[in-house]
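Here the structure is laid out as structure tokens; the discussion comes afterwards.
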Amino acid sequence: LLSITVIISSAWYVHNIMQWQMNNTSTFTNQNTLIPSKNGHHMNNITIIKTHQIIPFTKNIQNHNNISLIISDDIEPRIQKSDAILHSTAWGHPIVLEEYNLIFFTIPKVACSEWKRLFRRMMGYKDTKYDIHDPSKNGLKYIYHYNAKQIQEMMTSNEWTRAVFVREPKERVLSGFLDKFVTHPNYFRRRCCSKRTPEILKECKLKQSEGDFDYFLQRTKDCHDEHWNPQSKKIDEKWWPTINFVGYMVGDDSHLIEKYAKNLLESMISKKDGLSVWEKYGISGWGLNKTQCFLQSNNANHATDAHDKLRKYYTKCNEQFIERRWRAEWESPFLHFTEFSLYPEQSYNNRVENCPIEQYK
7 LLSITVIISS AWYVHNIMQW QMNNTSTFTN QNTLIPSKNG HHMNNITIIK THQIIPFTKN
67 IQNHNNISLI ISDDIEPRIQ KSDAILHSTA WGHPIVLEEY NLIFFTIPKV ACSEWKRLFR
127 RMMGYKDTKY DIHDPSKNGL KYIYHYNAKQ IQEMMTSNEW TRAVFVREPK ERVLSGFLDK
187 FVTHPNYFRR RCCSKRTPEI LKECKLKQSE GDFDYFLQRT KDCHDEHWNP QSKKIDEKWW
247 PTINFVGYMV GDDSHLIEKY AKNLLESMIS KKDGLSVWEK YGISGWGLNK TQCFLQSNNA
307 NHATDAHDKL RKYYTKCNEQ FIERRWRAEW ESPFLHFTEF SLYPEQSYNN RVENCPIEQY
367 K
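Quick note on numbering: the working numbering labels position 264 of the sequence shown as 270, and the sequence is numbered without any gaps.
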């Protein structure tokens, strides 16, 4: 019998994982718990970490003698009409691909446009110039196309992959600012200014012309939008433990999202022909000359290179503002973001007082 050991693909989890392994690991043989390998065989000796926290892992990795498996001993959650996963905007509705038993939770500013282009190709559509985020035109199937019983099955069954890609919070908020406030000012103006007083609209236009990052951050307090709202709120807290693949986009490692994407696409095997998505759609056909692999570099037309611009826009004041306002991102037990400071000398016990950003109304 093959022994299956827990392997986690992201390097920054190693320390915590070692602690969990020492405290919470149990090994047993369960004839009803079968882990399929790529060739369809099954493995029954399973080392399991039982935890209330879900850690990102890939279902099928190249060495099939070592497969990641983490389960939660929580009571199974139930789908409800009020659940956040059913009430996203056009950018963020969870996408369903039945052929691959996949639910993919798109998050704006985390390569969601590229993922939708990939899913369209998988469904046989050609690339198009119209708004790829428009569910009435893009041809994608979404979670709301299914009834409650089907959604419950997809959100809890071991046969389904529930995947999401997330991004370092400071990068993502800055990317939202550069894209929706600076490059496409009409978007922010329409969302946050047009329906308010003429004075606010006038101030909004002025601050946009100045590229005022502080103003943008302050306005996020009363203008909520999926391009900058916390990623942790995208999925209901009760559903986060069922997410069994979390990929990461972090600017100081431009290849990280590519590696995570490859791992996910290699694990997605077609029910029709037995081939992986990576083999059929991911290994080539991307980039300007169509020779790159999927997400080899972020080819989205609105890519903002936010990581390289962090120091240009973040001051000590607005960095501490975002660390407080988006605190849930770093405190989430499911996202595992590594906390860092652009100004290391600034500790939580030595905060900047009377920051101008706090003075906006």
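Even for Gly, the Cβ is constructed at its ideal location relative to N, Cα and C.
Quick check: what's the CA-CA separation for Y254 versus R195?
30 angstroms
Suppose contacts are defined by Cβ-Cβ distances below 9 angstroms. Is Q158 in contact with R225 by that definition?
no
Using the Cα positions of F300 and P204, report the straight-line distance between them to the nearest angstrom.
45 angstroms
Touching or not, the region 332–342 and the region 147–166, by the rule of three or more beta carbon pairs under 8 angstroms?
no
Look at the alpha carbon of C361 and the alpha carbon of S273, and state the distance between them as a whole number of angstroms.
48 angstroms
With a floor of 3 residues, list each beta strand (DSSP E) that falls wholly inside the region 80–164, ordered by position along the chain.
You should have 101–103 and 108–111.
Residues in the same chain with beta-carbon distance under 6 angstroms from Y320, minus the five sequence neighbours each way, listed in chain order, please.
L348
Put I263 into one of helix, strand or coil per three-state DSSP.
helix
Is the beta carbon of V256 closer than 9 angstroms to that of H313?
Result yes, Cβ atoms of H313 and V256 sit closer than 9 angstroms.
Evaluate I109 with the Cβ neighbour count: other Cβ atoms within 10 Å of its Cβ, from every protein chain shown; 16 or more gives buried, anything less gives exposed.
Under this definition I109 is a buried residue.
Taking DSSP's pairing of strands, which residues face M255 in a bridge?
R173
Measuring CB to CB, does S181 end up less than 9 angstroms from K115?
It is a contact, given that the beta carbons lie within the stated cut-off.
Taking just the CA atoms, how far does L223 sit from N107?
38 angstroms
Given a cut-off of 9 angstroms on the beta-carbon distance, is the pair G217 and V188 in contact?
yes
Where E345 and E174 are concerned, what is the direct C-alpha to C-alpha distance, given to the nearest angstrom?
Between the C-alpha atoms of E345 and E174 there is a straight-line separation of about 9 angstroms.
Quick one: measure Cβ to Cβ for K240 and F111, integer angstroms, because I've assumed they're closer than 8 angstroms.
About 7 angstroms; that satisfies the 8 angstroms criterion.
Hey, would you say Y266 sits closer than 9 angstroms to F171, going by beta carbons?
Taking 9 angstroms as the cut-off, the Cβ atoms of Y266 and F171 count as close.
Would you mind sorting E243 into buried or exposed? The rule is 16 or more other CB atoms within 10 Å of its CB.
Classification for E243: exposed.
Assuming the contact rule is C-beta atoms closer than 8 angstroms, Y131 and H99 should be a hit. Round their C-beta distance to whole Å, please.
Your pair Y131 and H99 does not check out as a contact, with CB atoms roughly 17 angstroms apart and the cut at 8 angstroms.
Return the chain-ordered ranges of every alpha helix (DSSP H) run that is complete within the region 178–238 and spans a minimum of 4 residues.
191–198, 204–216 and 219–225
Rounded to the nearest angstrom, what separates W90 and C199 at their Cα positions?
In the sequence on display, residue 90 carries Ala and not Trp. Answer to the nearest angstrom: the Cα atoms are 25 angstroms apart.
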